[in-house]
Amino acid sequence: MNNQVSTIFFGATAIFTVLVFFIILFVVYYKQRQRAHLLEKKSLQSAFEQEKIISVMEIQEQTFNEVSREIHDNIGQVLSLARMQLNNPNQSHPEAIQHADELLEQAIRDIRSLSHTLNTYKVQSMGIIESTMQLVEQLKNTRQFNTIIEFDNVYPEPKDSHIIIYRMIQEIVNNIIKHSKASEIKLNIQTRNDITSLTISDNGVGFKQASPHQGIGMRNLAERAKLANASIEFNSNSGNGTSIQIKF
Amino acid sequence: MVKRKNSDKAFHTVVVLLVVTFITELIANSIHNFGFKTNVTVYKIFDPLQVILFSYIFYHLYQFRKLKIFAVYACIVALILLTISTIINISPNVNNSIGVTTKCALYILLSLIKFSEMLQTPSEENIVVNPTFWFCSAVFFFFSVNIMFWITFNQISESAAKNTARLIHVYCNYIFYSIVALSFLLIPSKNKLPDRYE
């Protein structure tokens with residue numbers, strides 16, 4: 001009888017020891033995996049930060065180039081013309097002054113518009129929805145485009161990343177003006193379950209999504225979207241207009 | 249919108265399981281005290297319920313969809329095996345251990361799978377204060393001892409050491425419920441950790 005009791009007792013002790021050993025082994029192995037996981041996460045985070053810095057610098061560089069182009073091609077031209085008007089010996093004095101005055105007024109308007117475009121404070125104070133709607137409204141004022149705005153009156157909480165999204169929207173709108181040959185621009189803004197969906201569509205010439213030139217622009221926008229924790233979707237076909245949806 | 253995390257649902261189900269277990273033990277004990285020949289019928293009713301509740305708990309503890317599906321199928325298979333073992337052994341305590349061994353094997357398997365899932369997706373949280381880890385450890389420990397007990401049940405019940413075996417089994421119950429209680433103590437308060445909501 002004692003022998004049977006001893007067997008049961010030792011058997012149970014052996015099972016207990018194995019089970020406890022298994023659990024300790026699990027904890028040790030888990031901690032090792034946890035350390036490796038943390039290291040991997042840190043390295044991914046630092047890579048992402050680096051990518052973010054590069055992207056921010058690229059955006060800055062692009063903005064500087066656009067400002068430089070705008071000053072050179074537009075404001076510079078207008079000011080040179082005004083100077084020429086004032087120095088033109090063939091023109092009568094009041095007429096030259098009036099012409100120069102008109103040109104200077106145009107230059108001031110362009111500088112103001114450029115300043116508004118670059119001002120991040122406007123996006124921060126007005127919010128991304130209001131700023132985007134104003135941007136599209138400005139297109140209506142040019143009388144070259146018929147604009148339709150649809151929105152559901154829900155505003156997302158302001159975030160730092162909204163500046164990046166607003167710059168993306170500016171680039172999309174610029175592309176519509178420069179390349180789309182559209183007569184109608186439609187802006188649709190909806191917020192569902194804390195996700196804002198912003199769709200800009202036009203009835204222009206559209207583009208082939210496989211086109212390498214368009215590919216670079218789309219990749220650039222997609223990278224910026226990633227940076228702003230947003231998603232972007234392009235939908236276009238040659239001759240059928242373009243629709244671009246940003247979700248953030 | 250605030251959505252409850254799956255581990256919350258799992259631990260709520262653990263409470264239900266503990267209540268059901270307590271009621272079952274109470275009824276079984278009363279039947280025994282009234283002098284009935286056996287109280288095994290109570291456990292025959294309790295076992296499928298326990299299988300369903302444990303599968304439901306692990307279903308919510310698992311993160312991967314394929315493992316959730318596995319928990320559902322494992323539950324169905326275990327229920328079928330339990331039913332078969334009940335049908336072929338209507339008379340009490342004759343090879344009763346087959347059905348019980350099946351359910352113990354299921355719980356060990358479910359807890360081992362959870363351990364392996366935890367290794368695949370390690371969190372930044374300290375494992376020693378993770379209630380899921382302690383719950384799985386308790387299940388793994390208790391049912392590993394239990395399965396040995398039930399496998400050798402027919403031999404033990406006829407041997408002189410049956411009281412020792414029963415005593416070990418009783419102490420295992422104490423250890424199991426202590427670890428489960430510990431896991432409940434480790435569940436962080438909702439006010440302290442708002443990130444428990446997704």
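Chains as they are written, first to last, in the numbering used here: chain A, 1 to 248; chain B, 249 to 446. Ideal Cβ positions, reconstructed from N, Cα and C, are used throughout, including at glycine.
Query raised in the report: Ends of the beta strand (DSSP E) at Phe151(A)?
Result: For Phe151(A), the uninterrupted beta strand (DSSP E) segment begins and ends at 146-151.
Query raised in the report: Using a Cβ-Cβ distance under 8 angstroms, would Asn229(A) count as near chain B?
Result: no
Query - Cβ separation of Asn88(A) and Glu150(A), assumed to be a contact under 8 angstroms, to the nearest whole Å - result: Incorrect: roughly 50 angstroms between the Cβ atoms, too far for contact.
Report task. Tell me whether Ile97(A) is buried or exposed, calling it buried when 16 or more other Cβ atoms sit within 10 Å of its Cβ. Result -> exposed
Query raised in the report: So with Cβ pairs under 8 angstroms, would you call Leu19(A) a contact of chain B?
Result: yes
Query raised in the report: Are Gly206(A) and Thr147(A) touching if we call contact CB-CB under 8 angstroms?
Result: no
Query raised in the report: Does the beta-carbon distance from Lys316(B) to Tyr304(B) come in below 8 angstroms?
Result: no
Requested in this report: List the residues of chain A that Pro379(B) touches, going by C-beta distances under 8 angstroms, in chain order.
Outcome: None at all; the shortest Cβ gap to chain A is about 15 angstroms.
Requested in this report: Following the continuous beta strand (DSSP E) through Ile185(A), name the residue where it begins and the one where it ends.
Outcome: 184-192
Query raised in the report: If you follow the alpha helix (DSSP H) that Glu130(A) is part of, which residue opens it and which one closes it?
Result: 128-141
Query raised in the report: Are Ser333(B) and Gly347(B) touching if we call contact CB-CB under 8 angstroms?
Result: Contact flag set, yes.
Report task. Can you have a look at Ala47(A) and say buried or exposed, based on whether 16 or more other CB atoms are within 10 angstroms of its CB? Result -> exposed
Query raised in the report: Using 8 angstroms as the limit for Cβ to Cβ distance, is Leu39(A) near chain B?
Result: no
Report task. Please say whether Asp295(B) and Lys362(B) have beta carbons closer to each other than 8 angstroms? Result -> no
Report task. Rounded to whole angstroms, what's the CA-CA distance from Val27(A) to Lys186(A)? Just pull it up for me. Result -> 58 angstroms
Query - Same chain, Cβ closer than 7 angstroms to His480(B), neighbours up to 5 away in sequence not counted - result: A query on residue 480(B) cannot be resolved here, the shown segment of chain B reaching from 249 to 446 and no further.
Query raised in the report: How far does the alpha helix (DSSP H) with Leu434(B) in it reach, from first residue to last?
Result: Per DSSP, Leu434(B) belongs to no alpha helix (DSSP H) and is neither H nor E.
Query raised in the report: If the cut is a Cβ gap below 9 angstroms, which residues of chain A does Val393(B) touch?
Result: Below the 9 angstroms Cβ cutoff, chain A contributes Ala12, Ile15, Phe16, Leu19 as neighbours of Val393(B), in chain order.
Query raised in the report: Short check: CB of Leu297(B) to CB of Val262(B), under 8 angstroms?
Result: no
Requested in this report: For Phe390(B), count neighbouring C-beta atoms within 10 Å of its own C-beta (all shown protein chains included) and say buried if the count is 16 or more, exposed if not.
Outcome: buried
Query raised in the report: Of the residues that make up the region 360-376 of chain B, which ones have a beta carbon closer than 8 angstroms to any beta carbon in chain A?
Result: Phe363, Met366, Leu367, Pro370, Ser371, Glu372, Ile375, Val376
Query raised in the report: Near Val428(B), what residues of its chain come up, given a Cβ to Cβ distance below 6 angstroms and the 5 sequence neighbours on each side ignored?
Result: Ala386
Report task. Please go through the same chain and pick out, in chain order, the residues whose beta-carbon is closer than 6 angstroms to the beta-carbon of Ile232(A), but skip the five residues on each side of it. Result -> Leu221, Ala222, Ala225, Ile246
Query raised in the report: How big is the Cα-Cα spacing for His37(A) and Phe424(B)?
Result: 31 angstroms
Query raised in the report: Would you call the region 107-114 of chain A and the region 160-170 of chain A in contact, with 3 or more CB pairs under 8 angstroms?
Result: The region 107-114 of chain A, when compared against the region 160-170 of chain A, does not touch it at the 8 angstroms Cβ threshold.
Query raised in the report: For His162(A), is the classification buried or exposed, using 16 other Cβ atoms within 10 angstroms of its Cβ as the cut-off for buried?
Result: Result: buried.
**Report entry** Ala408(B) at chain A interface by Cβ criterion, 8 angstroms
**Finding:** yes
Query raised in the report: Rounded C-beta distance between Ala326(B) and Leu354(B)? I'm assuming under 8 angstroms.
Result: With a Cβ gap of about 4 angstroms, Ala326(B) and Leu354(B) count as contacting.
Report task. Could you check the C-alpha separation between Lys41(A) and Asn374(B) for me, to the nearest Å? Result -> 16 angstroms
Query raised in the report: Just the Cα atoms here: how many angstroms apart are Asn235(A) and Thr380(B)?
Result: 45 angstroms
Requested in this report: Please report the Cβ distance between Gly204(A) and Ala182(A), rounded to the nearest whole angstrom; I am assuming they are in contact, meaning their Cβ atoms lie under 8 angstroms.
Outcome: Contact between Gly204(A) and Ala182(A) holds, since their C-beta atoms are separated by about 3 angstroms, short of 8 angstroms.
Report task. Alpha carbon to alpha carbon, how far is Tyr121(A) from Ile53(A)? Give it in angstroms, no decimals. Result -> 21 angstroms
Report task. Return helix, strand or coil for Lys247(A), following the three-state DSSP convention. Result -> Three-state result, Lys247(A): strand.
Report task. Using alpha carbons as the reference points, say which of Phe383(B), Pro436(B), Phe302(B) lies closest to Ile23(A). Result -> Phe383(B)
Query - Terminal residues of the alpha helix (DSSP H) in which Glu95(A) lies - result: 93-118
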